[in-house]
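This report concerns only the one structure given below.
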Amino acid sequence: MPQWGMAADLDRCNGCGACVVACHAENNISTVGPDQAARGRAKHWIRVERYWEGEFPDVRVKFRPVMCQQCGNAPCEPVCPTYASHHTEDGLNAQVYNRCIGTRYCANACPYSVRFFDFFNPSWDRPLQVQLNPDVSLREVGVMEKCTFCVQRIRGAQIQAKAEGRELRDGEIQPACVQSCAPRALVFGDLANPESEVSRLSRSSRGVKLLEHVGTEPAVTYLARLS
Amino acid sequence: MTDLTSTRINNDLTRPLLQTSWRFYALAAALGSIVLTALVAWMSQAYYGFGVTGIRWPVYWGFYVTSFVFWIGISHAGTLISAILRLVNAGWRRPVTRCAEVITVFALMIGAMFPIIHLGRPWLAFWLVPYPSERMIWPNFRSPLVWDFFAINTYLIGSVLFLLLPMIPDFAVVRDHSKGLRHRMYRVLALGWRGTPKQWHRLETAMQIMAIAIIPVAVSVHTIVSFDFSMAPVPMWQSTIFGPYFVAGAIFSGIAALILAMAALRRFLQLQAYLQPLHFDNLGKLLLLMALLWGYFVFNERLVVYYGNEPAEMAVFWRTQRESFAPLYWTMVVCNFAVPLVLMGIRRFRTIAGCVVASFAVVVGMWLERFLIIVPSLGAKYLPYTFGIYRPQPVEMIIAGATFAAMAFLYVLFAKVVPIISIWELKAGEHVSRESRPSVEESHLGQVQP
Numbered sequence: 001m002p003q004w005g006m007a008a009d010l011d012r013c014n015g016c017g018a019c020v021v022a023c024h025a026e027n028n029i030s031t032v033g034p035d036q037a038a039r040g041r042a043k044h045w046i047r048v049e050r051y052w053e054g055e056f057p058d059v060r061v062k063f064r065p066v067m068c069q070q071c072g073n074a075p076c077e078p079v080c081p082t083y084a085s086h087h088t089e090d091g092l093n094a095q096v097y098n099r100c101i102g103t104r105y106c107a108n109a110c111p112y113s114v115r116f117f118d119f120f121n122p123s124w125d126r127p128l129q130v131q132l133n134p135d136v137s138l139r140e141v142g143v144m145e146k147c148t149f150c151v152q153r154i155r156g157a158q159i160q161a162k163a164e165g166r167e168l169r170d171g172e173i174q175p176a177c178v179q180s181c182a183p184r185a186l187v188f189g190d191l192a193n194p195e196s197e198v199s200r201l202s203r204s205s206r207g208v209k210l211l212e213h214v215g216t217e218p219a220v221t222y223l224a225r226l227s
Numbered sequence: 228m229t230d231l232t233s234t235r236i237n238n239d240l241t242r243p244l245l246q247t248s249w250r251f252y253a254l255a256a257a258l259g260s261i262v263l264t265a266l267v268a269w270m271s272q273a274y275y276g277f278g279v280t281g282i283r284w285p286v287y288w289g290f291y292v293t294s295f296v297f298w299i300g301i302s303h304a305g306t307l308i309s310a311i312l313r314l315v316n317a318g319w320r321r322p323v324t325r326c327a328e329v330i331t332v333f334a335l336m337i338g339a340m341f342p343i344i345h346l347g348r349p350w351l352a353f354w355l356v357p358y359p360s361e362r363m364i365w366p367n368f369r370s371p372l373v374w375d376f377f378a379i380n381t382y383l384i385g386s387v388l389f390l391l392l393p394m395i396p397d398f399a400v401v402r403d404h405s406k407g408l409r410h411r412m413y414r415v416l417a418l419g420w421r422g423t424p425k426q427w428h429r430l431e432t433a434m435q436i437m438a439i440a441i442i443p444v445a446v447s448v449h450t451i452v453s454f455d456f457s458m459a460p461v462p463m464w465q466s467t468i469f470g471p472y473f474v475a476g477a478i479f480s481g482i483a484a485l486i487l488a489m490a491a492l493r494r495f496l497q498l499q500a501y502l503q504p505l506h507f508d509n510l511g512k513l514l515l516l517m518a519l520l521w522g523y524f525v526f527n528e529r530l531v532v533y534y535g536n537e538p539a540e541m542a543v544f545w546r547t548q549r550e551s552f553a554p555l556y557w558t559m560v561v562c563n564f565a566v567p568l569v570l571m572g573i574r575r576f577r578t579i580a581g582c583v584v585a586s587f588a589v590v591v592g593m594w595l596e597r598f599l600i601i602v603p604s605l606g607a608k609y610l611p612y613t614f615g616i617y618r619p620q621p622v623e624m625i626i627a628g629a630t631f632a633a634m635a636f637l638y639v640l641f642a643k644v645v646p647i648i649s650i651w652e653l654k655a656g657e658h659v660s661r662e663s664r665p666s667v668e669e670s671h672l673g674q675v676q677p
């Protein structure tokens, strides 16, 4: 059974935000407009956090792409009263939208704040509604949604490989954020396979987990910035 | 109370049931319209979407969960006061118990609404009920919200029984004092009460069992409510002290609510002869005790966090201690500690007026306490990039505020249907021994039903 994971090289991330846009397009994440965004209703399954170091003019900007860390010991899972948030065998934190009743407990328990609530029914400015991805369900008002590691692409590739009677190749599955990352800061793959690129990067001496002390056992490894 | 004859007790305490003035209708209409406004507000929230509230990323709980914890806390008035005082056989409890038990039932009903009001999809709230369904899944028994569901329902059933049992003999008194439709209604409610020794014995036994059983239930309910917070890895939520801290706070706010309710009843139903300064004095002492206990818990919680010096916790700590939430925090400390300490600690101030002022302060302070546990922590959770501010919107304020009117509304209606002071218990207090309790000789047997 594969264990999906990701590595994010902070030395390579230039904060362009292509991953955020690609994620919105791939996963049918509705945009909420500037007013609602200012009221904290924006839903970015992946975000690029910016931190500044030093005083002007000697300032350094640090970028950190943060998506659901697909924790091995996820605080969001035990608190959900309806099993909407649950763990899959291949190490994903799945969110079943149709089971969610919207207690928002999972989002409170999440130390990374990567879970988003649908405050209104989704809508798109014309003609954006015609670009919706048919592989991803839309979420109605009142449910939580979050990064899935593009589970539709994972399942699609698995089915394709099975149909062709072969094993999945490393790097064959690319979530939208990974695919769109020009500097190749994000790498996705199977952590259970020690030969995969993501396994190799995760073992790097630069590798750190975000908020590791909380004990969440994230599947995402950040490669610390050296430059 | 030796000057109170049995007949006068009957007359005084059944008067509010049998006579109704225009004031009752005016009050009920005013309170009812506030409750109606809140219902409209809730329907508009369901219709337009949850976005009409001020809930936002990352502060996903706000006024609704604050109100939930607050009202469940208020509900600890009844059981803890009434059950404990019954068990220790404190004679002065007699006029107080029912006022307290009613608060429990209504506060629980109001509190239990909030988890549904705050749901993103409230029409699916029944998924918390474990029933065999086509979905083939049970509720997640690891979730504190499911524990809540069971704890609150157990407590609600228990406290309704605890309230209803000692009402049976009183329904019989009203039955014997009324005619027509009222008579038929109370005849049903009295469940064929005759006042035979066998019936008295069964009632006493049942009350004894309920009084013992309800105490662990009450303690567990607010502990489980505190688990909603302490089970999540959120700064300043993960605290081993939350269980007893919440239970103590619940009893504290419950006593305050009871004092306010008693003062209102005394004034509006002319019950001066029954709810005496003695009762307020005794409850005032209890309030003082709980204020000290509350102060102890808060001091304990804060000092341990400060010395632990964990960065994420310190961010929340300073937010409440001296940053944006400091005005609310120090208001809470004044309301919950300074005011009751001064007013209830000095005998000269422990009058009815003093008790009412202190209780009002405690109710305000305890509401703030719940708010300050929930919102500052959620707004400053680990990653500074995600810090956020919560601004409550009108719909939340209307619904949270209207619950106070709902409580008053239910209370007013209840006092119209049921004697708000337990008639038979009061009479039993007039006699020396329990064996010579009023065996409903003079009135209950007056109109024996076939």
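Line order of the protein sequences matches chains A and B.
Under this note's numbering, the first residue of the first sequence is numbered 1, with each subsequent residue one higher.
Under this note's numbering, the first residue of the second sequence is numbered 228, with each subsequent residue one higher.
Where is the CB? At the ideal position from N, CA and C, for every residue including glycine.
Quick caveat, the model's predicted, so the values are computed rather than measured.
Classify residue 443 of chain B: buried if its beta carbon has 16 or more other beta carbons within 10 angstroms, exposed otherwise. Mapped onto the second sequence, residue 443 of chain B falls at position 216. So residue 443 of chain B counts as exposed.
Put residue 169 of chain A into one of helix, strand or coil per three-state DSSP. Locating residue 169 of chain A in the first sequence gives position 169, where the first residue counts as 1. The three-state secondary structure of residue 169 of chain A, taken from DSSP, is coil.
Own chain residues within Cβ distance below 7 Å of residue 241 of chain A, not counting five before or after: Chain A is shown from 1 up to 227; residue 241 of chain A falls before or after that span and cannot be answered.
In three-state terms, what does DSSP make of residue 362 of chain B? Within the second sequence, numbered from 1, the residue matching residue 362 of chain B stands at position 135. Residue state, collapsed to three classes: coil.
Runs of beta strand (DSSP E) wholly within the segment 66 to 134 of chain A (minimum 3 residues, chain order): Whole beta strand (DSSP E) segments, 3+ residues: 85 to 87, 93 to 95, 115 to 117.
Is the beta carbon of residue 75 of chain A sitting closer than 8 Å to the one on residue 608 of chain B? Position 75 of the first sequence, counting from 1, holds the residue named residue 75 of chain A. Position 381 of the second sequence, counting from 1, holds the residue named residue 608 of chain B. Their beta carbons are not under 8 Å apart, which means residue 75 of chain A does not touch residue 608 of chain B by this criterion.
Taking the alpha carbon of residue 41 of chain A as the point to measure from, which residue in A:143, A:152, A:203, A:193 has its own alpha carbon closest? Against the first sequence, residue 41 of chain A aligns to sequence position 41. For the set A:143, A:152, A:203, A:193, the Cα lying nearest the Cα of residue 41 of chain A is the one of A:143.
Residues in the same chain with beta-carbon distance under 6 Å from residue 500 of chain B, minus the five sequence neighbours each way, listed in chain order, please. Reading the second sequence from its first residue, position 273 is the one you call residue 500 of chain B. So no residue of the chain qualifies.
Taking a cut of 7 Å between CB atoms, which residues from the segment 331 to 357 of chain B lie near chain C? As a matter of chain content, chain C is missing from the structure shown, whose protein chains are A and B.
Using a beta-carbon distance below 8 Å, is residue 460 of chain B in contact with chain A? The count along the second sequence starts at 1 and reaches residue 460 of chain B at position 233. Cβ-Cβ to chain A under 8 Å: yes for residue 460 of chain B.
Where does residue 93 of chain A land, buried or exposed, given buried means 16+ other C-beta within 10 angstroms? Along the first sequence, one-based indexing puts residue 93 of chain A at 93. So residue 93 of chain A ends up on the buried side.
Can residue 619 of chain B be considered in contact with the ligand PLP, in the sense that its beta carbon sits closer than 7 Å to one or more heavy atoms? No copy of the ligand PLP appears in this structure; indeed no ligand is present at all.
Reference residue 21 of chain A, options A:113, A:176, A:135, closest by Cα: Along the first sequence, read from residue 1 onward, the residue named residue 21 of chain A stands at position 21. Ranked by Cα distance from residue 21 of chain A, the first of A:113, A:176, A:135 is A:176.
Would DSSP call residue 325 of chain B helix, strand or coil? Along the second sequence, one-based indexing puts residue 325 of chain B at 98. In the structure shown, residue 325 of chain B sits in a helix (DSSP, three-state: H, G or I).
What does a CB cutoff of less than 8 Å around residue 524 of chain B pick up in its chain, not counting 5 residues either side in sequence? The sequence position of residue 524 of chain B within the second sequence is 297, counting from 1. Contacts found: 468, 471, 472, 475, 476.
Determine, using beta carbons only, whether residue 599 of chain B comes closer than 8 Å to chain A. Taking the first residue of the second sequence as 1, we reach residue 599 of chain B at position 372. Judged by the 8 Å Cβ criterion, residue 599 of chain B is not in contact with chain A.
May I have the straight-line CA-CA distance separating residue 122 of chain A from residue 276 of chain B, to the nearest angstrom? In the first sequence, residue 122 of chain A corresponds to position 122, counting from 1. In the second sequence, residue 276 of chain B corresponds to position 49, counting from 1. Their backbone Cα atoms lie some 11 Å apart in a straight line.
For residue 274 of chain B, count the other beta carbons within 10 Å of its own beta carbon; 16 or more makes it buried, fewer makes it exposed. Which is it? Along the second sequence, read from residue 1 onward, the residue named residue 274 of chain B stands at position 47. When all chains shown are included, residue 274 of chain B counts as exposed.
Tell me, to the nearest whole angstrom, how far the beta carbon of residue 65 of chain A is from that of residue 46 of chain A; I am working on the premise that it is less than 8 Å. For the purposes of this step, residue 65 of chain A is identified with residue 65 of the first sequence, where counting begins at 1. For the purposes of this step, residue 46 of chain A is identified with residue 46 of the first sequence, where counting begins at 1. Confirmed, about 6 Å.
May I have a chain-ordered list of the alpha helix (DSSP H) segments no shorter than 4 residues that lie completely inside the segment 461 to 500 of chain B? Scanning the segment 461 to 500 of chain B for uninterrupted alpha helix (DSSP H) segments of 4 residues or longer gives 469 to 495, listed from N- to C-terminal end.
Length of the line joining the Cα atoms of residue 209 of chain A and residue 63 of chain A: The sequence position of residue 209 of chain A within the first sequence is 209, counting from 1. The sequence position of residue 63 of chain A within the first sequence is 63, counting from 1. Rounded to the nearest angstrom, the two C-alpha atoms are 15 Å apart.
For the segment 535 to 577 of chain B, which segments carrying the alpha helix (DSSP H) assignment without a break, of at least 4 residues, lie completely within its bounds, in sequence order? Listed in chain order, the complete alpha helix (DSSP H) runs (minimum 4 residues) inside the segment 535 to 577 of chain B are 538 to 548, 553 to 560, 566 to 572.
According to a CB-to-CB cut-off of less than 8 Å, which residues of the segment 599 to 620 of chain B neighbour chain A? Within the segment 599 to 620 of chain B, the residues whose Cβ lies closer than 8 Å to some Cβ of chain A are 605, 608, 609, 610, 611, 612, 613, 615, listed in chain order.
Given that a residue counts as buried once 16 or more other Cβ atoms are within 10 Å of its Cβ, and exposed if not, what is residue 497 of chain B? Start at 1 with the first residue of the second sequence, and residue 497 of chain B comes out as number 270. It is exposed - the Cβ of residue 497 of chain B has fewer than 16 other Cβ atoms within 10 Å.
Within the continuous alpha helix (DSSP H) that includes residue 187 of chain A, where are the two ends? Position 187 of the first sequence holds residue 187 of chain A. In the DSSP assignment, residue 187 of chain A falls outside any alpha helix (DSSP H) and lies within the beta strand (DSSP E) extending over 186 to 190.
In the DSSP output, which residue or residues are listed as bridge partners for residue 50 of chain A? Against the first sequence, residue 50 of chain A aligns to sequence position 50. DSSP lists A:63 as partners of residue 50 of chain A.
Would you say residue 237 of chain B reaches chain A, if we count a Cβ-Cβ gap shorter than 8 Å as a contact? Here residue 237 of chain B refers to the residue found at position 10 of the second sequence. With 8 Å as the cut-off, residue 237 of chain B does not count as an interface residue toward chain A.
When you compare the CB of residue 95 of chain A with every CB in chain B, is at least one pair closer than 8 Å? Residue numbering aside, residue 95 of chain A sits at position 95 when the first sequence is read from its first letter. Output row for residue 95 of chain A: interface = no.
Are the C-beta atoms of residue 316 of chain B and some chain A residue less than 8 Å apart? Residue 316 of chain B sits at position 89 when you count from the first residue of the second sequence. Among the CB atoms of chain A, none fall inside 8 Å of the CB of residue 316 of chain B.
Kindly indicate which residue of B:602, B:512, B:594, B:551 has the alpha-carbon position closest to the one of residue 569 of chain B. Working through the second sequence from its first residue, we reach residue 569 of chain B at position 342. Residue B:512 is the option with its Cα nearest to residue 569 of chain B.
Are the beta-carbon atoms belonging to residue 390 of chain B and residue 650 of chain B less than 8 Å from one another? For this step, residue 390 of chain B is matched to residue 163 along the second sequence. For this step, residue 650 of chain B is matched to residue 423 along the second sequence. Result no, Cβ atoms of residue 390 of chain B and residue 650 of chain B do not sit closer than 8 Å.
Spell out the partners DSSP gives residue 8 of chain A in its beta bridges. Start at 1 with the first residue of the first sequence, and residue 8 of chain A comes out as number 8. According to DSSP, which records beta bridges pairwise, residue 8 of chain A is partnered with A:186, A:222.
Sequence-distant residues of the same chain with beta carbon closer than 8 Å to residue 99 of chain A, five excluded per side: Taking the first residue of the first sequence as position 1, residue 99 of chain A is located at position 99. Setting aside the 5 residues that flank it on each side, residue 99 of chain A is surrounded in the same chain by 82, 83, 84, each with a C-beta closer than 8 Å to its C-beta; the list follows chain order.
Just to confirm my understanding: we take residue 405 of chain B, look at its own chain, exclude 5 residues before and 5 after, and list those with CB closer than 7 Å. What are they? The count along the second sequence starts at 1 and reaches residue 405 of chain B at position 178. Annotation for residue 405 of chain B: 245, 413 place their beta carbon closer than 7 Å to its own, counting only its chain and skipping 5 residues before and after.
Which chain B residues sit within Cβ distance under 7 Å of residue 82 of chain A? On the first sequence, position 82 is the one that residue 82 of chain A refers to. Going along chain B in sequence order, the residues near residue 82 of chain A (Cβ under 7 Å) are 354, 366, 367.
Taking C-alpha atoms, which residue in B:509, B:242, B:263, B:623 lies nearest to residue 293 of chain B? As a position in the second sequence, residue 293 of chain B is number 66, starting the count at 1. In this structure, B:623 is the residue among B:509, B:242, B:263, B:623 with its C-alpha nearest to the C-alpha of residue 293 of chain B.
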